[in-house]
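Quick notes on the structure that follows.
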Amino acid sequence: MEFTEVFKQAGPCCFSPDSRLLAVAVDHRLFIRNVFSLKVEQLYSCVDKISFIEWAPDSQYVLCGLYKRPMVQAWSLAHPDWTCKIDEGPAGIAYARWSPDSRHILTTSDFQLRLTVWSLLNTACVHVQWPKHSPSFTTDGKFAAVCIRRDCKDYVNLLSCHSWELMGSFPVDTLDLAGLQWAPDDTSILVWDSLLEYKVLIYSPDGRCLLKYQPYDSGLGVKTLAWSPCGQFLAVGSYDQQVRALNHLTWKTFAHFMHMTTIRAPCNATIFKEVDEPLQLHMSDLSLSDDIALNIQDGSIDNSREGNCRVKYKVVDLPVNLPFQKPVVDKPNPKQGIGLMSWSCDSQYLLTRNDSMPTVLWIWDICRLEPAAVLIHKDPIRAAAWDPTGGPRLVLCTGSPNLYMWSPAGAWCVSIPLPEFSICDLKWSSAGGRLLLKSKETFSCAAFVQDLPDSTECTTSDDE
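Residues in the sequence shown are numbered from 16 upward in steps of one, following this note's numbering.
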């Protein structure tokens, strides 16, 4: 891997959809950098600190949310002098996003008062009253589904993204709808209830209920959901530390993935554990003063100090006791349940993290319906993301100066050759092959310059 030098950032950063540009917020300034050279191509100045950034789907515009104002500003890459400013006034702005055609901006006001569609082509705007959440769009960008609350009842409104007219509306069987999402094939709409009520619903666009899924009645319910990219599977992560997988043909559960605190045989999963490996110093190859050499021989220099050791994955034998944190029951939002879940781009693997075991990442093989690997780390997992292109390749970070990777061939660690750089977040470019790595106040980009190592090179997980 190759890493760029570090650059300053103080806010959100994201790749453009065409993977050519990188938007970086530094307080109230927006830097547009070339992905390959990281040279600044455009510099915009907003009226306040940037809280949110989103590229238009065609990569020609970029939106900045200034939620402290509250205000939204948009900029054009083709016409640097062009600008758009949206101010909702006392209503406030809780969220803003682009429409699929890249020519409309949707803003949701505070307190779920209204959703407004702003046109960049003219001064027209459309209002939708009492929206609960940001809308979900079909894959082809023709329709939007919006949940509204009216007369203490949840409804789903279907809007045309061409005219923004209401195409249909139907009630849903929820106490307090928490979210909705179109299926990847645009044939159904996923709806789920609040965490106090375990209820997952699938509706057809004409309002017919195709599925009502309630595995249990008492206890906290849904925490995460994820459609597979192929659209055939739906994974539901719950507060009971289980993932339930449903198929799109019969909407029946075909797998229960349980996150046990102890892994025992028989189990086909490979267990990788992060360990420290002291660097071996050969005195014959060093040119040191007699005093320093004597100190090293006497062991007075700590080998665990930064620069004298590296981390690697070690394959451990079964049984394995996983680090577990008992959640505090008398505080809200307990750290338990499936807080992180994502499918690989080929829908063959599913990654999960149980928040009661924040240092452990599970990777499930959907063909075998069993774990393919379990990765145990020293620090809690901050972020994990699949390569959006090519084969199943996973990268993750834990807030340390190391980048962790997994593929079906094995797992390995990469030490970042940047001083005082701890990876707190990471993102793939949509074209794959490039990573955005963020620390607390800086960022760097990484590029893959060769294919993944062979399985014989991955088992010990040495640095690239």
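For glycine and all other residues, C-beta sits at the position ideal for the given N, C-alpha and C. Predicted model only: the values in this text are computed from it and were never measured.
(request) Per DSSP, which residues does V480 bridge with? Please list them. (result) The requested residue 480 is not part of the displayed model; the chain covers only 16 to 479.
(message) If you follow the beta strand (DSSP E) that E103 is in, where does it begin and where does it stop?
(response) Taken as a continuous stretch (DSSP letters only), E103 belongs to no beta strand (DSSP E), as it is neither H nor E.
(request) Take the Cβ of S124 as the centre, count every other Cβ of all protein chains shown within 10 Å, and call the residue buried at 16 or more, exposed below. (result) buried
(request) Would you check if the region 442–452 and the region 33–50 touch, i.e. whether three or more CB-CB distances between them fall below 8 Å? (result) yes
(request) Identify whether Q127 lies in helix, strand or coil by the three-state DSSP scheme. (result) helix
(request) Please determine, among S203, A25, P347, the residue with the shortest C-alpha to C-alpha distance to D63. (result) Comparing Cα-Cα distances from D63 to each of S203, A25, P347, the minimum goes to A25.
(request) Could you pull out every unbroken beta strand (DSSP E) segment of at least 3 residues lying fully inside the region 221–258, listed in chain order? (result) Taking only runs of at least 3 residues, the beta strand (DSSP E) segments lying wholly in the region 221–258 are 224–228, 237–242, 248–253.
(request) Kindly indicate the opening and closing residues of the beta strand (DSSP E) around Q351. (result) Taken as a continuous stretch (DSSP letters only), Q351 belongs to no beta strand (DSSP E), as it is neither H nor E.
(message) Less than 9 Å between the C-beta atoms of L366 and M275, yes or no?
(response) no
(request) Could you check if F253 is buried or exposed, using at least 16 other CB atoms within 10 Å of its CB as the buried criterion? (result) The residue asked about is misnamed: residue 253 is Ser in this sequence, not Phe. The residue is buried, with at least 16 neighbouring Cβ atoms inside 10 Å.
(message) Can you give me the C-alpha to C-alpha distance between D73 and V331, rounded to a whole angstrom?
(response) Those two C-alpha atoms are separated by around 47 Å.
(request) Pull up the distance between the alpha-carbon of I108 and that of R84, whole angstroms please. (result) In this structure, the CA atom of I108 is about 9 Å from the CA atom of R84.
(message) Contact defined as beta carbons within less than 8 Å: I believe L195 pairs with M182. What is the distance between those atoms, to the nearest angstrom?
(response) Going by Cβ atoms, the distance from L195 to M182 rounds to 15 Å, so no, they are not a contact pair.
(request) Going by DSSP, name the residue or residues bridged to N336. (result) T277
(message) Taking contact to mean 3 or more Cβ pairs, one atom from each stretch, closer than 8 Å, check whether the region 266–281 and the region 412–428 are in contact.
(response) Not touching, per the Cβ criterion.
(message) Suppose you measure from the CA of I204 to the CA of P293; what does that come to, to the nearest Å?
(response) 53 Å
(request) Excluding the 5 residues preceding and the 5 following T285 in the sequence, name in chain order all residues of the same chain whose CB lies nearer than 7 Å to its CB. (result) V330, A388
(request) Mind checking which residues open and close the beta strand (DSSP E) that includes G183? (result) Per DSSP, the continuous beta strand (DSSP E) segment holding G183 begins and ends at 181–186.
(message) At the level of alpha carbons, what is the spacing between G156 and D116?
(response) If you take the alpha carbons of G156 and D116, they lie about 7 Å apart.
(message) Could you compute how far the alpha carbon of D200 sits from the alpha carbon of E56?
(response) Their Cα atoms are separated by approximately 37 Å.
(request) For Y231, count neighbouring Cβ atoms within 10 angstroms of its own Cβ and tell me buried if that reaches 16, exposed if not. (result) exposed
(message) Whole angstroms are fine: how far does the CA of P432 sit from the CA of N318?
(response) Because the pLDDT of N318 is 38, which lies under 50, any placement of that residue in the model is unreliable, and the question is left without a value.
(message) Quick check on D208: buried or exposed, where buried means 16 or more other Cβ atoms within 10 Å of its Cβ?
(response) buried
(message) Is it buried or exposed, S149, if we count other Cβ atoms within 10 angstroms and call 16 or more buried?
(response) buried
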